[in-house]
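Colleague:
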Amino acid sequence: MAPTVVSACLAGIPCRYDGAARPDLQVVAAVEAGLAVPVCAEVLGGLPTPRPPAEIVGGDGYDVLAGRARVLAQDGHDVTRAFVAGASAVVEQAREHGAERAVLKAKSPSCGVGQVYDGTFSGTLTGGDGVLAAALRRAGVEVESR
1045 MAPTVVSACL AGIPCRYDGA ARPDLQVVAA VEAGLAVPVC AEVLGGLPTP
1095 RPPAEIVGGD GYDVLAGRAR VLAQDGHDVT RAFVAGASAV VEQAREHGAE
1145 RAVLKAKSPS CGVGQVYDGT FSGTLTGGDG VLAAALRRAG VEVESR
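The opening position of the sequence shown corresponds to residue 1045 in our numbering, with each subsequent residue numbered one higher.
1) If you follow the alpha helix (DSSP H) that residue 1130 is part of, which residue opens it and which one closes it?
2) Considering only residues of the same chain and omitting the five flanking positions on each side of residue 1172, which have a CB-CB separation below 6 Å?
3) So, with DSSP's three-state summary, where would you put residue 1024?
4) For residue 1089, is the classification buried or exposed, using 16 other Cβ atoms within 10 angstroms of its Cβ as the cut-off for buried?
5) Would you list, in sequence order, the uninterrupted alpha helix (DSSP H) runs of no fewer than 4 residues that lie entirely inside the stretch 1050 to 1111?
6) Taking DSSP as the reference, what is the three-state secondary structure of residue 1175?
7) Let's see if you can read the secondary structure: which residues bound the beta strand (DSSP E) around residue 1159?
8) Hey, out of 1085, 1054, 1072, 1145, whose CA is closest to residue 1064's CA?
9) Does the Cβ of residue 1164 have 16 or more other Cβ atoms within 10 Å, making it buried, or fewer, making it exposed?
10) Once you ignore the five residues that flank residue 1068 on each side, which residues in its own chain have a CB closer than 6 Å to its CB?
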């Protein structure tokens, strides 16, 4: 059976923007059993942990991949290239492992599935996928969020 790609923070790895993890017991068990591969697109894209929170401005992950939107950190730095590079690295890992499914962290500008924060840093959600979720869907990987 092909492994599932999972957000590393859900696997208990402290890689979120705030330096924390958000372990999901099912995801942790899948990783421990060798059934899942933990990844963090933001770290793979070169961003440190911890780091300022970031949100997509001007669209969703598909718009970022198309160059129509950007990912900005709360401190104003444009981190779009890091998000796109990290998403590309995860897609490559998914292909190498033959993964057909991904379980990603909800609402994240990388991993959000169906909902992401709206770019105002006000806690307001809007429809759309994060950059990694969009890249994985484009690569034919089924995505879900937790």
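We put the CB at the ideal spot given by N, CA and C, even for glycine. Values in this document were obtained by computation on a predicted structure and should not be read as measured data.
Modeller: For this structure:
1) 1124 to 1141
2) Scanning its chain for C-beta atoms nearer than 6 Å, with the 5 sequence neighbours on each side dropped, one finds around residue 1172 the residues 1104, 1160, in chain order.
3) What the structure shows of the chain is the stretch from 1045 to 1190, and residue 1024 is not part of that stretch, so it cannot be assessed.
4) Buried, by the Cβ-count rule.
5) 1069 to 1076, 1085 to 1088, 1105 to 1109
6) Residue state, collapsed to three classes: helix.
7) 1159 to 1161
8) Comparing C-alpha distances from residue 1064 to each of 1085, 1054, 1072, 1145 shows the shortest one belongs to 1054.
9) With fewer than 16 other Cβ atoms inside 10 Å of its own Cβ, residue 1164 counts as exposed.
10) 1054, 1190
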